[in-house]
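S.K.:
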Amino acid sequence: MTADSDPGLFECMFSMRAMRRLKPDPVPPEMIAKILEAATQAPSGQNTQRWAFLVITEEEGRTFFGQNYRDWIYRLMGDRAPPEDDNSKPARQMKAALHLADHMHEVPLIILACGKRDWPFVVPQEERVGLAPPSYGSIYPAVQNILLTCRGLGLGASLTTVHQMFEPELREFFEIPEDYGVVASIPIGFPLGNFGPVTRDPISKKAHYEKWGQQREAP
Ligand SMILES: Cc1cc2nc3c(=O)[nH]c(=O)nc-3n(C[C@H](O)[C@H](O)[C@H](O)COP(=O)(O)O)c2cc1C
């Protein structure tokens with residue numbers, strides 16, 4: 052499937068931008084299978100694997116998700132839409148996020164990464180009131196595997212969380228049981244743009260050696 056064109060782990064990791072401009076062409080079932088296989092190879096706390104992946108490819112589900120996602124993006128961020136001629140990085144990112152929202156209903160594949168609800172150890176018994184959150188830490192490694200696999204297969208993908216705003220409706224529509232929370236929704240398709248280097252702060256701003264605040268020269 053990736054045959055000769057497999058870009059390799061570091062190439063994938065270092066060029067895995069949020070790809071929000073996607074073609075509507077369907078994602079082949081073998082690719083979907085590979086993505087799910089990779090997701091389920093991820094680590095989880097005590098190897099409990101309390102994840103579930105809802106794969107949305109049919110029009111009805113994509114339309115439902117797309118309409119709600121778009122409504123909420125505009126409610127949350129509509130007033131921050133940059134002017135047409137603003138080409139700064141934040142403006143381009145915002146435009147791409149709005150483009151994704153406008154076209155979400157046409158994205159051929161959306162995966163909802165769900166996690167079983169489970170109180171973290173640190174929450175005392177007496178404070179465990181209502182629904183527990185899903186174990187985010189046990190789901191995000193699987194989410195990252197999904198994103199990396201998409202990159203490896205030449206598929207564009209991005210991690211989104213706006214679904215939180217309509218999770219009850221989402222749950223009802225897709226018949227997701229109450230004991231699972233939706234951690235991330237990942238729209239996937241063949242990219243319209245190119246993969247390329249991500250923009251991140253230098254290591255010197257983020258890493259500390261032996262004690263907080265101590266820097267080390269790069270070897
Ligand atoms: C926890 C999390 C939530 C995110 N939620 C959204 C989202 O709802 N919509 C969206 O378009 N991008 C979302 N993103 C993508 C980030 O905005 C993006 O990865 C970041 O700006 C870096 O951009 P880059 O990956 O293209 O370098 C999310 C990323 C993370 C890790």
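FYI, in my numbering the residues of the sequence shown are 52 to 270.
Quick reminder that beta carbons are idealized off the backbone N, C-alpha and C, glycines included.
Does the distance from the CB of A103 to the CB of A193 come in under 8 Å?
M.R.: For A103 and A193, no; Cβs fall outside 8 Å.
S.K.: Could you spell out the range, first to last residue, of the alpha helix (DSSP H) harbouring L160?
M.R.: Element bounds for L160: not the alpha helix (DSSP H) but the beta strand (DSSP E), L160 to K167.
S.K.: To which residues of the same chain is E268 closer than 6 Å at the C-beta, ignoring the five residues directly before and after it?
M.R.: Answer for E268: no residue qualifies.
S.K.: Using only the alpha-carbon positions, how far apart do N196 and F61 sit?
M.R.: One C-alpha to the other measures close to 13 Å.
S.K.: Could you spell out the range, first to last residue, of the alpha helix (DSSP H) harbouring Y231?
M.R.: Per DSSP, Y231 belongs to no alpha helix (DSSP H); it is in the beta strand (DSSP E), Y231 to G240.
S.K.: Which residues in the same chain as G244 place their Cβ atom closer than 6 Å to its Cβ, once the five residues preceding and following it in sequence are excluded?
M.R.: Taken in chain order, the residues that qualify are R72.
S.K.: Looking at the strands, I want to know which residues DSSP matches up with V106.
M.R.: Answer is I162.
S.K.: Would you call I325 buried or exposed, if buried means 16 or more other Cβ atoms sit within 10 Å of its Cβ?
M.R.: For residue 325 there is no data in the structure shown, the boundaries of the chain being 52 and 270.
S.K.: Could you pull out every residue in the same chain whose Cβ sits closer than 7 Å to the Cβ of S57, ignoring the five residues on either side in sequence?
M.R.: Ser is not the amino acid found at residue 57; the sequence shown has Asp there. G203, listed in sequence order.
S.K.: Ends of the alpha helix (DSSP H) at Q195?
M.R.: Counting along the chain, the alpha helix (DSSP H) containing Q195 begins and ends at Y187 to L204.
S.K.: With 16 other CB atoms within 10 Å as the buried threshold, where does A152 fall?
M.R.: Buried is the call here.
S.K.: Can you pull every residue whose C-beta falls closer than 5 Å to some heavy atom of ligand 1, listed in chain order?
M.R.: Working through the chain, the matches are R68, A69, A148, L210, T211, T212, V213 and V249.
S.K.: What runs of the beta strand (DSSP E), each 3 residues or longer, lie entirely inside the region 56-109?
M.R.: DSSP runs (the beta strand (DSSP E)) wholly in the region 56-109: 102-107.
S.K.: Exposed or buried, what is K257 when buried is set at 16 or more other beta-carbons lying within 10 Å of its beta-carbon?
M.R.: The residue in question, K257, is exposed, as its Cβ has fewer than 16 Cβ neighbours within 10 Å.
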